[in-house]
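I have placed the structure first, in the form of structure tokens, so that the comments after it can refer back to it.
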Amino acid sequence: MRRNVTRLINEYDILIVGGGNAGLCAAIEARETGLSVLVVDSATKFYRGGNTRHTRNMRCAHDTATETLSGPYTEDEYFEDLMRVTQGNTNEELSRLMIAESKTLLPWISRQGVKFQPSLGGTLSLGRTNSFFLGGGRAMLNSLYSTAEKMGVDVWYSSEVIDLKIIEGMFKSATITTNGKNITLKAKSLIAASGGFEANIEWMKEAWGDIANNFLVRGTPNNKGKVLQTLMQKGIETIGDPTQCHAVAIDARAPKFDGGIITRLDCVVFGVVVNLEAKRFYDEGEDLWPKRYAIWGRLVAQQPGQIAYIIFDAPCLELFMPSLYPPISALTVSELAEKLELDKQTLIETIDKYNKAVTPGSFNPFILDDCKTEGLNPEKSHWAQRIENAPFYAYPVRPGITFTYLGAKVNRDARIIMKKDELSNNMFAAGEIMAGNILGSGYAAGIGMTIGGVFGRIAGREAASFLNKKFIN
Ligand SMILES: Cc1cc2nc3c(=O)[nH]c(=O)nc-3n(C[C@H](O)[C@H](O)[C@H](O)COP(=O)(O)OP(=O)(O)OC[C@H]3O[C@@H](n4cnc5c(N)ncnc54)[C@H](O)[C@@H]3O)c2cc1C
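In my numbering, the protein residues as written are 602 to 1074.
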């Protein structure tokens, strides 16, 4: 009988931890130089690709309209947008580099087989700035995996890195749990692309306190920050605040992990949002939705019980993309309050006061229109329309954590910076695990994938060039 012969490899040139966008972009770039590359991921093959599976688009600078982008998006405009959303809390050198490199990312990623489609319309307003993957993040990943595998990149699924041997800033080997066994794998260089720590509720609680028990995690349960934690224990410099993250309001009925995009609710701007006390707490119409959606997770996290309710009426139902769950509906505001278990009288008063404060204007969901309230605290500055046409609707929402920002500090080569500002010899980081270098706070739609794509490519190139130089010398 023929026996399966398995090639035993205990050393690779480059070990990449994490098979999402950042890891795959790094793998392709590194493998192009001829070096041996292994990607390990804790997920099974079916669930490969971490949070990247859930994505729809990426934000890249471009000088002219393309087949799928409706107009130019210059580097300067991109940088201004980033400065605005982060309130200047970004590393300017790295963010300018990322934006400049994002221009070549689009054609590069297309060459790897990824296909794009025209932007989704409606209130997303991303048709000029963001490129949408045909078939979404999973199709995008399938293309990257197929290209990487054809090039000879090895991939180990269901393989979790649980420890790293690092001596004086130099990576030596990783302990990996695979097929129920712990093995030690040596590599000449390490690229950490293992996401954030959003799925590690205990770590989130250290940062946020017990309220983190009420957070929902929008993506993979595998991004537990094990590699980041180990790197931190072994002397890397970190960047970012552990409470900073991308967090949106998602349906409170979503599963604890991996609910994905279909649980997100984009209708805040069309109604009012009340807390458990049936009171409003923030201007729902502050800015266009793509520029503000990422503040709502944090806002809801600050409310009692970490829950809130988006309330709107019949004409608004058609204005936004439906989510997985149907809204809770009622023929009167009083009945709605009953269904939501909110104090009836207070909710009726909140809606009455709001309706009386709405001033006449021309409603236009695509611009900062002149429909606003006057005399409310807080005001609603745009898209304010009376909530008066039955049926009345509500979505309960909780903070949906997308990814955390505390991460590994890197330089422009994606090389990890150790304590005392010394550079690691052979360790690089890309994607969520170093997102804090670009995102000190805030977010603009599509930047997560750009961070991973740009720094993944840089990390792959630099890790390879470091090894090639080392061998030539
Ligand atoms: C619902 C949702 C929608 C999103 N939509 C968009 C969008 O449209 N555009 C955008 O730009 N961004 C979006 N994002 C953010 C985006 O997903 C991330 O910024 C990006 O995918 C991060 O890529 P990454 O490669 O760094 O991490 P990931 O894609 O999360 O990959 C990390 C991988 O590391 C693996 N891993 C973790 N720990 C270990 C370990 N110890 N050992 C081995 N493997 C490990 C995980 O299994 C995972 O596969 C979205 C996120 C979510 C959750």
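Ideal Cβ placement from N, Cα and C applies to all residues, glycine included.
This one's a predicted model, so the numbers in the text were calculated from it and none came from an experiment.
Open item on the list: So the candidates are R987, E939 and N978; which of them puts its Cα closest to the Cα of P961?
Closed with: Looking at R987, E939 and N978, the one whose alpha-carbon comes closest to that of P961 is R987.
Fill in: T687: first and last residue of the uninterrupted alpha helix (DSSP H) it sits in
E676 to T687 is the extent of the alpha helix (DSSP H) around T687.
Taking only three categories from DSSP, how would you classify N824? Coil.
**Prompt:** Does any heavy atom of ligand 1 sit closer than 7 Å to the C-beta of E975?
**Reply:** No.
Checklist entry - When every heavy atom of ligand 1 is checked, does at least one fall within less than 7 Å of the C-beta of T821? => result In this structure, ligand 1 has a non-hydrogen atom nearer than 7 Å to the beta-carbon of T821.
Problem - Reduced DSSP secondary structure (H/G/I, E/B, other) of R999 - result: Note: R999 maps to strand in three-state DSSP.
- Message: Just to confirm the assignment, what range does the beta strand (DSSP E) spanning T785 have?
- Response: In this chain, the beta strand (DSSP E) harbouring T785 covers K782 to A793.
Terminal residues of the beta strand (DSSP E) in which C661 lies: Going by DSSP, C661 is part of no beta strand (DSSP E) at all; its letter is neither H nor E.
Note to self: With three or more C-beta pairs closer than 8 Å as the rule, is the segment 837-845 touching the segment 1030-1041?
What the structure shows: Touching, per the Cβ criterion.
Q.
Determine whether the beta carbon atoms of I1039 and N780 lie at a separation below 8 Å.
A. Cβ atoms of I1039 and N780: not closer than 8 Å.
Alpha carbon of K773 to alpha carbon of K766, nearest angstrom:
Just so you know, the alpha carbons of K773 and K766 end up roughly 5 Å apart.
* Coil, strand or helix - I862 by DSSP -> In the displayed model, I862 falls within a helix according to three-state DSSP.
I need the boundaries of the beta strand (DSSP E) containing I710, first residue and last residue. Note, I710: premise wrong, no beta strand (DSSP E); alpha helix (DSSP H) at E693 to R712.
I need the DSSP call for D1022, collapsed to helix, strand or coil. If DSSP states are grouped into helix, strand and coil, D1022 belongs with the helices.
For this session: Under 8 Å Cβ to Cβ from D1130, same chain only, skipping five residues before and after it: list those, please.
Result: In the structure as shown, the chain starts at 602 and stops at 1074, and residue 1130 therefore has no counterpart that could be examined.
For the putative contact between C661 and K704, defined by C-beta atoms under 8 Å, what is the C-beta separation to the nearest angstrom? Between K704 and C661 the Cβ distance is about 6 Å, and since that is below 8 Å, they are a contact.
query: Looking at C-alpha atoms only, which residue of T947, A995, A902 and L706 is the closest neighbour of A915?
result: Ranking T947, A995, A902 and L706 by Cα distance to A915 puts A995 first.
Residues near K825 in its chain [Cβ-Cβ closer than 7 Å; skip 5 each side] | Residues F798, A800 and N801 of the same chain have their beta carbon placed closer than 7 Å to that of K825, with the five preceding and five following residues left out of the count.
Review point. So is Q845 buried or exposed if we call it buried at 16+ other beta carbons inside 10 Å?
Key: Its Cβ being crowded by 16 or more others within 10 Å, Q845 is buried.
- Leaving out five residues on either side along the sequence, give the residues of the same chain with a beta carbon under 6 Å from the beta carbon of Y926. Cβ neighbours of Y926 beyond the five flanking positions: D852 and R854.
Q.
Which same chain residues end up closer than 7 Å to S1066 when comparing Cβ atoms and leaving out the 5 residues on each side of it in sequence?
A. Take S1066, set aside five residues on each side of it, and no residue of its chain has a beta-carbon closer than 7 Å to its own.
Along the chain, where does the alpha helix (DSSP H) that runs through L745 open and close?
Segment G737 to M752, the alpha helix (DSSP H) holding L745.
Note down the Cα distance separating K806 from S795, rounded to an integer number of angstroms. In this structure, the alpha-carbon of K806 lies about 20 Å from that of S795.
Item to check | CA-to-CA distance, L941 to G1054, given in whole angstroms | outcome: When rounded, the distance between both Cα atoms is 42 Å.
What does the alpha-carbon distance come out to for the pair L866 and P891? For L866 and P891, the gap between their C-alpha atoms comes out near 12 Å.
Beta-carbon spacing of L948, A879 below 8 Å: Closer than 8 Å, so yes.
**OP:** Note down the Cα distance separating D642 from N731, rounded to an integer number of angstroms.
**Re:** Their Cα atoms are separated by approximately 28 Å.
* Asked: Among residues of its own chain, excluding the 5 on either side of R608, which ones have a beta-carbon nearer than 6 Å to its beta-carbon?
  -> Because the pLDDT of R608 is 43, which lies under 50, any placement of that residue in the model is unreliable, and the number read from its coordinates should be weighed accordingly. Here the set comprises nothing.
Can you tell me whether N857 is buried or exposed, with buried defined as 16 or more other CB within 10 angstroms of its CB?
The amino acid at residue 857 is misidentified as Asn; the sequence shows Lys. Exposed, because fewer than 16 other Cβ atoms sit within 10 Å of the Cβ of K857.
Cα-Cα separation, E668 to P719 = E668 and P719 have their C-alpha atoms spaced approximately 8 Å apart.
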